[in-house]
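Asks:
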Amino acid sequence: MNNFAYQLKINLKRFLLRNPFFFIFTISLPAIFYLIYTKVAITDAPAGWNKRFLVSMIVYGILINSLSTLSRILSSDDKKGFKLFVKLSPTSLSSYYANIFLIFEFMNLIAVSAVALVGVFINKVNLTFENWLILLVAVPILCLPFALIGVLISFVGDENAVGALANLLMFTIAILSGLWWPLNMMPDYLQKIGKIMPGYPASQLSLDLLLKQNMSGNQLQTLFIWLIVLILILGLVVKNKGRKA
Numbered sequence: 001m002n003n004f005a006y007q008l009k010i011n012l013k014r015f016l017l018r019n020p021f022f023f024i025f026t027i028s029l030p031a032i033f034y035l036i037y038t039k040v041a042i043t044d045a046p047a048g049w050n051k052r053f054l055v056s057m058i059v060y061g062i063l064i065n066s067l068s069t070l071s072r073i074l075s076s077d078d079k080k081g082f083k084l085f086v087k088l089s090p091t092s093l094s095s096y097y098a099n100i101f102l103i104f105e106f107m108n109l110i111a112v113s114a115v116a117l118v119g120v121f122i123n124k125v126n127l128t129f130e131n132w133l134i135l136l137v138a139v140p141i142l143c144l145p146f147a148l149i150g151v152l153i154s155f156v157g158d159e160n161a162v163g164a165l166a167n168l169l170m171f172t173i174a175i176l177s178g179l180w181w182p183l184n185m186m187p188d189y190l191q192k193i194g195k196i197m198p199g200y201p202a203s204q205l206s207l208d209l210l211l212k213q214n215m216s217g218n219q220l221q222t223l224f225i226w227l228i229v230l231i232l233i234l235g236l237v238v239k240n241k242g243r244k245a
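Read in full-length UniProt numbering, the sequence shown has 217 at position 217, and its numbers run on one by one without any break.
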């Protein structure tokens with residue numbers, strides 16, 4: 001347990017305190033977009049818009065953290081031999097991954113809190129204690145497919161390729177899933193594509209929970225399919241990499 005706590009302390013410094021990317025993009029970008037879309041770009045917004053878009057930007061923040069930050073961390077550790085160092089140390093590789101998962105979720109909590117606090121203090125969004133629990137616990141769980149995509153991206157190759165693919169998928173998912181603007185503003189064919197992207201059910205189900213509405217069975221099914229497919233793909237990738245090693 002002492003080894004695990006020590007590793008957690010080291011990784012917190014590596015991934016959080018010494019990682020300007022996290023503060024600039026994962027925290028600042030969704031908060032800035034939220035302010036632009038609620039204070040500048042859209043006037044006479046319908047009732048509840050500030051809360052609805054708050055959820056979209058929170059999901060977007062988790063998307064950035066999953067695809068960009070997580071993939072870079074895993075890829076960098078692999079290329080720099082940090083995983084090999086862990087294997088040769090008293091700390092097990094499973095402990096390393098548990099460590100990464102805890103820090104990743106902690107970073108998600110920071111990203112969620114940052115956007116939510118902007119909504120509360122600047123846009124006067126009313127969030128109850130139950131709302132905060134939903135945002136901090138339920139939303140990251142609904143966004144688990146993002147984390148699996150981030151892990152898959154880390155296997156691509158060098159860090160430049162990982163970064164390029166992460167950015168490409170991140171913006172594609174964000175745009176087509178309706179995180180930047182409502183899906184009904186897009187052409188019909190893009191709406192059909194957007195509804196099967198992982199970001200759409202994640203944001204809509206999160207909003208359903210926040211507004212105490214019945215969760216859509218179709219969206220739960222879509223999210224579950226993404227989760228299963230990504231787990232299967234990840235299993236095949238890890239198995240194939242193990243054979244090559």
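Glycine included, each C-beta is placed from N, C-alpha and C at the ideal position.
So, helix, strand or coil for I196, using DSSP?
Replies: Within the sequence shown, residue 196 is the residue found at index 196, counting from 1. Looking at I196 - three-state DSSP - the assignment turns out to be coil, as it is neither helix nor strand.
Asks: Using DSSP with H/G/I as helix, E/B as strand and the rest coil, what is I228?
Replies: Here the question's residue 228 lines up with position 228 in the sequence shown. In the structure shown, I228 sits in a helix (DSSP, three-state: H, G or I).
Asks: What does a CB cutoff of less than 8 Å around I58 pick up in its chain, not counting 5 residues either side in sequence?
Replies: Along the sequence shown, read from residue 1 onward, the residue named residue 58 stands at position 58. So the qualifying residues of the chain are P30, A111, V112, V115, A116, L135, V139, S206.
Asks: Comparing C-alpha positions only, which one of A166, I196, L93 sits nearest to Q7?
Replies: Residue numbering aside, residue 7 sits at position 7 when the sequence shown is read from its first letter. The shortest C-alpha separation from Q7 is found at L93.
Asks: Taking the alpha-carbon positions, what's the T240 to F224 distance?
Replies: Looking up residue 240 in the sequence shown gives position 240. Looking up residue 224 in the sequence shown gives position 224. According to the sequence displayed, residue 240 carries Asn and not Thr. Distance between the alpha carbons of N240 and F224 is about 24 Å.
Asks: In this structure, how does DSSP classify I49 when only helix, strand and coil are distinguished?
Replies: Looking up residue 49 in the sequence shown gives position 49. What sits at residue 49 in the sequence shown is Trp, not Ile. Three-state result, W49: helix.
Asks: How about the stretch 149–157 and the stretch 20–29: do they share at least three Cβ pairs that are nearer than 8 Å?
Replies: Short answer: they don't touch.
Asks: Within the continuous alpha helix (DSSP H) that includes F101, where are the two ends?
Replies: Looking up residue 101 in the sequence shown gives position 101. 93–121 is the extent of the alpha helix (DSSP H) around F101.
Asks: Expressed to the nearest angstrom, what Euclidean distance is found between the alpha-carbon atoms of I153 and F21?
Replies: Counting from 1 along the sequence shown, the entry for residue 153 is found at position 153. Counting from 1 along the sequence shown, the entry for residue 21 is found at position 21. Rounded to the nearest angstrom, the two C-alpha atoms are 17 Å apart.
Asks: Can you check whether the CB of P145 is closer than 8 Å to the CB of P198?
Replies: The sequence position of residue 198 within the sequence shown is 198, counting from 1. The sequence position of residue 145 within the sequence shown is 145, counting from 1. Yes.
Asks: Give me the Cα-Cα distance between L127 and K212, rounded to the nearest whole angstrom.
Replies: Position 127 of the sequence shown holds residue 127. Position 212 of the sequence shown holds residue 212. Near 13 Å, if we compare the C-alpha coordinates of K212 and L127.
Asks: With distance defined between alpha-carbon atoms, name the residue in G194, L102, E159 nearest to F16.
Replies: Position 16 of the sequence shown, counted from the first residue, corresponds to residue 16. The sequence given here has Leu at residue 16, not Phe. The shortest Cα separation from L16 among G194, L102, E159 belongs to L102.
Asks: If you measure between the beta carbons of T38 and N99, is that distance less than 8 Å?
Replies: Mapped onto the sequence shown, residue 38 falls at position 38. Mapped onto the sequence shown, residue 99 falls at position 99. No. Outside cutoff.
Asks: Between which residues of its own chain and N19 is the CB-CB distance below 8 Å, once the five residues before and five after are set aside?
Replies: Your numbering for residue 19 matches position 19 in the sequence shown. Cβ neighbours of N19 beyond the five flanking positions: T69.
Asks: Pull up the distance between the alpha-carbon of P191 and that of M185, whole angstroms please.
Replies: If you number the sequence shown from 1, residue 191 lands on position 191. If you number the sequence shown from 1, residue 185 lands on position 185. Correcting the residue identity first, residue 191 is Gln in this sequence and not Pro. Cα to Cα, the separation comes out at about 9 Å.
Asks: Hey, Y60 and L179: beta-carbon distance below 8 Å or not?
Replies: Within the sequence shown, residue 60 is the residue found at index 60, counting from 1. Within the sequence shown, residue 179 is the residue found at index 179, counting from 1. A contact, by the Cβ cut-off of 8 Å.
Asks: Among S75, K51, L35, which one has its Cα closest to the Cα of V156?
Replies: As a first step, residue 156 must be located in the sequence shown, where it is residue number 156. Among S75, K51, L35, the Cα nearest to that of V156 is on S75.
Asks: Nearest to M170 by CA position, among A5, I62, R52, is which residue?
Replies: Numbered from its first residue, the sequence shown carries residue 170 at position 170. For M170, the nearest C-alpha among the options comes from I62.
Asks: Between L176 and G194, what straight-line distance do the alpha-carbon atoms span, to the nearest angstrom?
Replies: Walking along the sequence shown from the start, residue 176 turns up at place 176. Walking along the sequence shown from the start, residue 194 turns up at place 194. If you take the alpha carbons of L176 and G194, they lie about 5 Å apart.
Asks: Mapping DSSP to helix, strand and coil, what is N19?
Replies: Position 19 of the sequence shown, counted from the first residue, corresponds to residue 19. In this structure, N19 counts as coil in the three-state DSSP scheme.
Asks: Considering just the uninterrupted stretch of the alpha helix (DSSP H) at D77, what are its terminal residues?
Replies: As a working note, residue 77 is residue 77 in the sequence shown. That run of the alpha helix (DSSP H) goes 71–79.
Asks: Suppose contacts are defined by Cβ-Cβ distances below 8 Å. Is L230 in contact with A166 by that definition?
Replies: Here the question's residue 230 lines up with position 230 in the sequence shown. Here the question's residue 166 lines up with position 166 in the sequence shown. Not a contact, by the Cβ cut-off of 8 Å.
Asks: Using a threshold of 8 Å, state whether the C-beta atoms of S216 and S56 are closer than that.
Replies: For this step, residue 216 is matched to residue 216 along the sequence shown. For this step, residue 56 is matched to residue 56 along the sequence shown. Cβ distance not < 8 Å, so S216 and S56 don't count as in contact.
Asks: Is L142 buried or exposed, if buried means 16 or more other CB atoms sit within 10 Å of its CB?
Replies: Taking the first residue of the sequence shown as position 1, residue 142 is located at position 142. Buried, since its Cβ has 16 or more Cβ neighbours within 10 Å.
Asks: For the candidate residues L234, A161, D188, I36, whose alpha-carbon lies nearest to that of A79?
Replies: Within the sequence shown, numbered from 1, the residue matching residue 79 stands at position 79. A small fix is needed here, since residue 79 is Lys in this sequence, not Ala. Considering only alpha carbons, the answer is A161.
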